[in-house]
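Protein chains in written order, with the working numbering: chain A, 944 to 1268; chain B, 66 to 627. Just so you know, even glycine gets a beta-carbon here, dropped at the ideal spot from N, CA and C. Just so you know, these numbers come straight off a predicted model, no measurement behind them.
The following block contains the structure:
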């Protein structure tokens, strides 16, 4: 219990540091949101319009400390303000409209990659020297080393254009109305295959290799030999004794991965025109949209910290050695 | 139970995954793509088809049809709302739209528009001069525009603008303002922050029938004043996160219209279906200039500016940097939008915008910037003659242009370093006057007034360190001011043409900026489903979907009926 309280205290401090950095860093970037809008629209925006927009957005020119205190107050009350690049939509609405898709894509890819990667790692370690162990890790790492966007564009070209098996863009067909109907859900799944597949391909090598290496170390432990000597079934030993201990580092990585899922998959969204917060984050940084940037970074840092806290708690449950320390 | 080997477990898992993927694919394939066929369309009736176009810079759409918002959904100002008149630089014609005629007062201090009778808003209410007055009042209140307008008044079907000073460009500036309905907007509490989700407009396609994050549809205005020109069933806009997705959609035939930049367009887009696909990039965008910071020596010397201009190989710049999509500029400094204003004698007698490295060398030698033993020139204070060329990193075409120019400068012993940070940083440098030189766009209004005011007028010059949003190169010639004031005071076309001729002579003499090439207006189309597009042979508008001219295209297109 004390352990958990100590961890919570640590995370609160980490949270405060991250929201302060979240506030300061964007403001160190040169320029201001209106000039950025001007540089992007170039000849479509006149000089007079720039002054007009400054009036419209009512940009904050108070001293930095005042801005900081009201920012912290806003964070604690959950008021994220109004987005500049998507004026006048509030930031919470902008994020809420797209975060569902990011979570769907990210969680699906992470789960599949972790599950399949770990299973493959377990099998590879258990059957050392077999085909699975010799061929698969190098092959998957090789595939995963390709630049992601190249892999994504290649998959889009081969499976979408050449073979025509999968759709080329978006999260669902524009003719369908969103709802909990089988037609809609299956369409969403159909559109999800290529984006998720590319992310899984890129990350699966890492999971497999990590699990395999930990498993190999675990397999040499004495209690495994004892279990074999006692006559337990190999599959039971592999899964319930060796894997259970070897999966601890995987749990940590998985927790970190969950946290970063909310950051969005920018390259996936660009290549597959998939909706999500990744592209929103990019445009908000490019446009110096402070409220939206702060909102998104806040969500990312909170998610990472929360995920880490959960992992710590789960770790206590999984690994008794942590409890006794 | 027999021993289940591990490989059997994940073989089973693989089969389950594959099966589910196929099942999902099979279940929804019938609901999938409604692509426009890429082949010839013999025999199909597209009367119910929606004009489909992409928007590559938004990622996702928010349901915001507020015309005062800079982030309004695409087609808000093109299909839902309309202006009083439309000027098209591609053919120089002005089309009366919500106004049937207009007159400028004899002293140039008033403009009167006659509002078209019989026009209705999409909710059935009549459009009157009161709506026009309200529009301008609201625009002034929210955004502070049109500071030269003293008063707007309606009388019957006429709207009269009283200006505080004679300003002839006002005719087009006021004329191209889109008009909003008073009976809707006077009821809205905070018009600046309204999202206007169910817009009421006078345009051809105002009914939002479907709105999703990445696609929305606009269908016919039931009370449109030109019902015979509403031949297409509606408009559908798709969202993409970047040019690549939008270009893919265009190449694949999933959209009918594409107004974003497409590299190598002939090979990637047109070649797939030459019978139906065309592109046209008229040089009616803004003039792209190489601006030199005239507050820094040696750029304050017009001889140096002209010499540097003479060393630029504009053929290489347009062929290599801009992939041949545009043509070199001439020394009038005017882009293709101002073709009818160009002074032919100046344009033909141009010398400082044509490549002439020997003359450039000679001019620099005579001006006192001698070459050292290493072949590189020195400034008058002994420092090497080298400077930076700023360009934003994301504009790959302008970056190529910068590199070509840097190479060209080697022939005259001048060292140019290309500096390509983020655009925001580049523009921040321009605004503060903290830059050596850089590539920059220019105003592109219906008339050349703003262009010359921004390149040569003293009123737009702000000192280094004071933020400015135009005339970054901070050059002003009092003689230009006199001419600009005279231009603003008269609306007699002959007088205006004479003044612009003199302005071009002044530009030719001063060389305030180095004109490189007119920016092309990107646009391509696929006429498998719809015909009536503007082309070089029929230039009633450019192929941009974001300009005031777009409504001309929307009211000219018609579906193929087999």
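Neighbour flag for residue i against chain B, beta carbons, 8 angstroms
i	result
residue 1213 of chain A	yes
residue 1111 of chain A	yes
residue 1237 of chain A	no
residue 1226 of chain A	yes
residue 1009 of chain A	no
residue 1206 of chain A	no
residue 973 of chain A	yes
residue 1231 of chain A	yes
Top-ranked residue by Cα proximity to residue i, from the options
i	options	result
residue 528 of chain B	B/121, B/360 and B/509	B/360
residue 201 of chain B	B/193, B/292 and B/217	B/217
residue 1161 of chain A	A/1175, A/1184 and A/1139	A/1184
residue 639 of chain B	B/333, B/508, B/297 and B/313	The structure shown has nothing for residue 639 of chain B, since chain B only spans 66 to 627.
residue 224 of chain B	B/207, B/182 and B/178	B/178
residue 301 of chain B	B/194, B/131, B/383 and B/113	B/113
residue 1241 of chain A	A/1196, A/974 and A/1034	A/1034
residue 1080 of chain A	A/1125, A/1064, A/1260 and A/1202	A/1064
residue 110 of chain B	B/594, B/588, B/411 and B/617	B/594
Burial state of residue i, where buried means 16 or more other Cβ atoms lie within 10 Å
i	result
residue 531 of chain B	exposed
residue 947 of chain A	exposed
residue 1123 of chain A	exposed
residue 405 of chain B	exposed
residue 264 of chain B	buried
residue 247 of chain B	buried
residue 1020 of chain A	exposed
residue 284 of chain B	buried
residue 1007 of chain A	exposed
residue 1093 of chain A	exposed
residue 959 of chain A	exposed
residue 1169 of chain A	exposed
residue 1105 of chain A	exposed
residue 1222 of chain A	buried
residue 99 of chain B	A caution first: residue 99 of chain B carries a pLDDT of 42, below 50, which makes its placement in the model too unreliable to give a value.
Within chain B, partners of residue i - CB distance below 7 angstroms
i	result
residue 995 of chain A	208, 209 and 210
residue 1028 of chain A	136
Cutoff 8 angstroms: residue i Cβ touching any chain A Cβ
i	result
residue 113 of chain B	no
residue 279 of chain B	yes
residue 127 of chain B	yes
residue 90 of chain B	Annotation note: pLDDT 46 at residue 90 of chain B (below 50); position unreliable, no value reported.
residue 135 of chain B	yes
residue 587 of chain B	no
residue 618 of chain B	no
residue 488 of chain B	yes
residue 607 of chain B	no
residue 492 of chain B	yes
residue 276 of chain B	no
residue 635 of chain B	Because chain B spans 66 through 627 in this model, residue 635 of chain B falls outside it and cannot be assessed.
Residue i: contacting residues in chain A (beta-carbon distance under 7 angstroms)
i	result
residue 258 of chain B	1031
residue 517 of chain B	None at all; the shortest Cβ gap to chain A is about 14 angstroms.
residue 306 of chain B	1212, 1213, 1216 and 1222
residue 496 of chain B	978
residue 541 of chain B	None at all; the shortest Cβ gap to chain A is about 15 angstroms.
Chain-ordered chain A contacts of residue i [CB-CB under 8 angstroms]
i	result
residue 317 of chain B	1104 and 1111
residue 420 of chain B	Within chain A, no residue comes near residue 420 of chain B; the closest Cβ sits about 26 angstroms away, beyond 8 angstroms.
residue 39 of chain B	Nothing about residue 39 of chain B can be reported from this structure: the residues present for chain B run from 66 to 627 only.
Check: residue i C-beta below 7 angstroms from any heavy atom of the ligand SAH
i	result
residue 559 of chain B	For the ligand SAH, the structure offers nothing, since it holds no ligand at all.
Chain-ordered chain B contacts of residue i [CB-CB under 8 angstroms]
i	result
residue 1183 of chain A	Under the 8 angstroms cutoff, chain B gives no residues; its nearest Cβ is about 13 angstroms from residue 1183 of chain A.
residue 982 of chain A	457, 488, 489, 491 and 492
Partners in chain A for residue i, counting only beta-carbon separations shorter than 9 angstroms
i	result
residue 572 of chain B	Residues of chain A passing the Cβ test: none, with the nearest at roughly 18 angstroms.
residue 664 of chain B	Missing from the structure shown is residue 664 of chain B; chain B here goes from 66 to 627 and no further.
Touching by the beta-carbon criterion (3+ pairs, under 8 angstroms), the region 1219 to 1238 of chain A and the region 1013 to 1029 of chain A = yes
Quick one: any contact between the region 500 to 510 of chain B and the region 330 to 339 of chain B, if contact means 3 or more CB pairs under 8 angstroms?
-> no
Should the region 1052 to 1060 of chain A be called in touch with the region 1144 to 1164 of chain A, which here means at least 3 C-beta pairs below 8 angstroms?
-> yes
Validate contact between the region 375 to 390 of chain B and the region 418 to 425 of chain B using beta carbons, cut 8 angstroms, 3 pairs = yes
Any chance the region 472 to 484 of chain B sits against the region 443 to 459 of chain B, with 3 or more Cβ pairs inside 8 angstroms?
-> yes
At least three beta-carbon pairs within less than 8 angstroms, the region 136 to 146 of chain B to the region 204 to 211 of chain B | no
Are at least three pairs of beta-carbons, each pair with one atom in the region 1209 to 1221 of chain A and one in the region 1135 to 1142 of chain A, less than 8 angstroms apart?
-> Between the region 1209 to 1221 of chain A and the region 1135 to 1142 of chain A there are three or more inter-stretch CB-CB distances shorter than 8 angstroms, so the stretches are counted as touching.
How about the region 175 to 193 of chain B and the region 568 to 584 of chain B: do they share at least three Cβ pairs that are nearer than 8 angstroms?
-> no
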